[in-house]
Amino acid sequence: MRIFESKHKNFQEVHKHFHETFQILYALEGHGNCQLGNDDYIITKDDVLIIPPFTSHSISANTKLTILVLEFDQKYLNTHIEDDLLERAFIQPERRTLYPFESSEFRQLLRKMLYEKSLQDDLQDHILKSHLIEILCILIRSKRSESTNQYQSVVRLESIKETIDRRYYELQSLEDLSKKVNVSKSYIQRIFKDQYSRTPMHYLSEVRIGRAKQLLTESDQEISSICFEVGFSSLATFYRIFKKHVGIPPNTYRSTYNKT
0 MRIFESKHKN FQEVHKHFHE TFQILYALEG HGNCQLGNDD YIITKDDVLI
50 IPPFTSHSIS ANTKLTILVL EFDQKYLNTH IEDDLLERAF IQPERRTLYP
100 FESSEFRQLL RKMLYEKSLQ DDLQDHILKS HLIEILCILI RSKRSESTNQ
150 YQSVVRLESI KETIDRRYYE LQSLEDLSKK VNVSKSYIQR IFKDQYSRTP
200 MHYLSEVRIG RAKQLLTESD QEISSICFEV GFSSLATFYR IFKKHVGIPP
250 NTYRSTYNKT
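Residues in the sequence shown are numbered from 0 upward in steps of one, following numbering that gives the first Met the number 0.
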């Protein structure tokens with residue numbers, strides 16, 4: 000069994016690879032992206048990555064990213080009870096976000112394991128194994144909690160999307176959206192991208208551009224007025240984002256598709 004710190008510099012990438020061992024990765028600080036198998040995840044502080052043997056994975060750091068790695072093989076846990084815990088904790092590769100109490104307990108167990116590693120006495124192996132079993136139990140219970148609270152996450156996600164759909168003209172930043180729905184910026188960013196494969200601010204631009212396209216073809220409003228109405232802070236920004244999304248500038252779009 001090994002436990003060690005893995006430090007990643009800004010924008011550093013660890014290319015896709017796999018291990019023959021079980022791995023539990025705990026993000027101590029920073030944020031980045033991770034691919035586990037065929038799934039992509041955003042990782043931030045206190046996230047846990049559960050990686051069964053032979054699972055291909057890669058990590059790219061968006062900032063300085065520090066990860067604590069817990070690695071062991073199946074022989075390390077060799078009773079029927081321990082094998083059962085292992086199977087239940089490592090059902091599939093995934094990112095797990097722990098709740099505050101779980102996260103605090105998880106961190107404390109990792110600290111204890113690091114301390115035990117430094118002692119090098121005849122009790123070390125027994126104590127490390129007991130802490131590992133506790134960690135597996137936390138992961139199993141957190142999965143249950145995640146399932147129980149899934150409905151609440153769906154409701155929050157729908158509220159976030161509906162707020163963007165209805166209030167697109169007054170939202171200027173992720174912080175504005177966070178205040179409207181009373182949810183943290185990091186949480187909004189994570190659940191929205193996981194569900195819709197785009198950031199909430201990218202979706203906001205899509206909604207604004209969709210409304211602008213409608214006004215361009217169904218009204219005779221000045222383009223500067225449309226820009227203001229849909230929530231862009233400047234005409235230059237409107238032209239740039241419109242062309243990025245549509246492929247042509249708004250005046251060309253109007254002359255091509257005008258229905259009035």
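Yeah, the Cβ is synthetic: ideal placement off N, Cα and C, and Gly gets one too. Small disclaimer: the values here were computed from a predicted structure and weren't measured.
Which term fits Ala60, buried or exposed, when burial requires 16 or more other beta carbons within 10 angstroms of its beta carbon?
-> Residue 60 sits at position 61 when you count from the first residue of the sequence shown. By the neighbour-count criterion, in which 16 or more other beta carbons inside 10 Å mark a residue as buried, Ala60 falls on the buried side.
Sort Lys242, Gln194, Lys6 by Cα distance to Gly31 and report the nearest one.
-> Stepping through the sequence shown from its first residue, residue 31 is reached at position 32. Among Lys242, Gln194, Lys6, the Cα nearest to that of Gly31 is on Lys6.
Would you kindly check if the distance between the Cβ of Phe21 and the Cβ of Glu70 is under 9 Å?
-> Working through the sequence shown from its first residue, we reach residue 70 at position 71. Working through the sequence shown from its first residue, we reach residue 21 at position 22. Yes, the pair counts as a contact, with Cβ atoms nearer than the cut-off.
What whole-angstrom Cβ distance do Ile163 and Ile208 have, given they're in contact under 8 Å?
-> As a first step, residue 163 is located in the sequence shown; it is residue number 164 there, counting from the start. As a first step, residue 208 is located in the sequence shown; it is residue number 209 there, counting from the start. Not quite, the Cβ-Cβ distance comes to about 13 Å (not below 8 Å), so this is no contact.
Can you give me the start and stop residues for the alpha helix (DSSP H) that Gln107 sits inside?
-> Position 108 of the sequence shown, counting from 1, holds the residue named residue 107. Element bounds for Gln107: 99-118.
Among the residues of its own chain, which have a CB less than 8 Å from the CB of Glu265, if the five just before and after it don't count?
-> Here the chain covers residues 0 to 259 and nothing more, so residue 265 does not appear.
Which runs of the beta strand (DSSP E) spanning at least 3 residues fall entirely within the stretch 53-86, listed in chain order?
-> 56-60, 64-71
DSSP on Tyr310, reduced to helix/strand/coil?
-> The question about residue 310 has no answer, for the chain in this structure spans 0 to 259.
Check whether the stretch 154-169 touches the stretch 218-230, counting contact only when three or more Cβ pairs, one atom from each stretch, lie closer than 8 Å.
-> yes
If you follow the beta strand (DSSP E) that Tyr167 is part of, which residue opens it and which one closes it?
-> Taking the first residue of the sequence shown as 1, we reach residue 167 at position 168. Run containing Tyr167: none; DSSP gives neither H nor E here.
Can you tell me where the beta strand (DSSP E) with Ile23 in it begins and where it stops?
-> In the sequence shown, counting from the first residue as 1, residue 23 sits at position 24. Where Ile23 is concerned, the enclosing beta strand (DSSP E) stretches over 21-28.
Burial state of Asp45, where buried means 16 or more other Cβ atoms lie within 10 Å = By 1-based counting over the sequence shown, the position of residue 45 is 46. Buried: at least 16 other Cβ atoms inside 10 Å.
Can you give me the start and stop residues for the beta strand (DSSP E) that Val182 sits inside?
-> By 1-based counting over the sequence shown, the position of residue 182 is 183. Looking at the DSSP string, Val182 is not in any beta strand (DSSP E), and its letter there is neither H nor E.
Alpha-carbon to alpha-carbon, Leu122 and Tyr195 | As a first step, residue 195 must be located in the sequence shown, where it is residue number 196. As a first step, residue 122 must be located in the sequence shown, where it is residue number 123. The alpha-carbon atoms of Tyr195 and Leu122 are separated by roughly 49 Å.
Whose CA, out of Glu81, Glu28, Ile41, lies closest to the CA of Leu64?
-> Numbered from 1 along the sequence shown, position 65 holds the residue referred to as residue 64. It is Glu28.
From what residue to what residue does the alpha helix (DSSP H) around Thr216 run?
-> The count along the sequence shown starts at 1 and reaches residue 216 at position 217. Its alpha helix (DSSP H) spans residues 199-217.
Residue from Ser141, Val153, Asp124, Val206 whose Cα sits closest to the Cα of Ile2 | Along the sequence shown, one-based indexing puts residue 2 at 3. Of the listed residues, the one whose Cα sits closest to Ile2 is Asp124.
For Lys44, which of helix, strand or coil comes out of DSSP?
-> Here residue 44 refers to the residue found at position 45 when the sequence shown is read from its first residue. Correct three-state label for Lys44: coil.
Limits of the beta strand (DSSP E) - the one that Ser223 falls within = Along the sequence shown, one-based indexing puts residue 223 at 224. First-last for Ser223: 222-229, but that is the alpha helix (DSSP H), not the beta strand (DSSP E).
Alpha-carbon to alpha-carbon, Leu24 and Leu214 | Start at 1 with the first residue of the sequence shown, and residue 214 comes out as number 215. Start at 1 with the first residue of the sequence shown, and residue 24 comes out as number 25. Cα to Cα, Leu214 sits roughly 49 Å from Leu24.
From His56 to Ile134, what distance separates their C-alpha atoms?
-> The count along the sequence shown starts at 1 and reaches residue 56 at position 57. The count along the sequence shown starts at 1 and reaches residue 134 at position 135. Straight-line Cα distance between these residues: approximately 22 Å.
Which partner residues of Gly36 appear in the DSSP bridge assignment?
-> Here residue 36 refers to the residue found at position 37 when the sequence shown is read from its first residue. The partner list for Gly36 (beta bridge, DSSP) is empty, contrary to what the question assumes.
Kindly indicate which three-state DSSP category Phe279 falls into: helix, strand or coil?
-> Nothing can be reported for residue 279, as the shown portion of the chain is limited to 0 through 259.
Is it buried or exposed for Glu93, if we count other Cβ within 10 angstroms and need 16 for buried?
-> Sequence index remark: in the sequence shown, residue 93 carries index 94 (1-based). Burial call: buried.
Do you know offhand how far Lys242's Cα is from Lys15's?
-> Within the sequence shown, residue 242 is the residue found at index 243, counting from 1. Within the sequence shown, residue 15 is the residue found at index 16, counting from 1. Spanning the two alpha carbons is a distance of roughly 35 Å.
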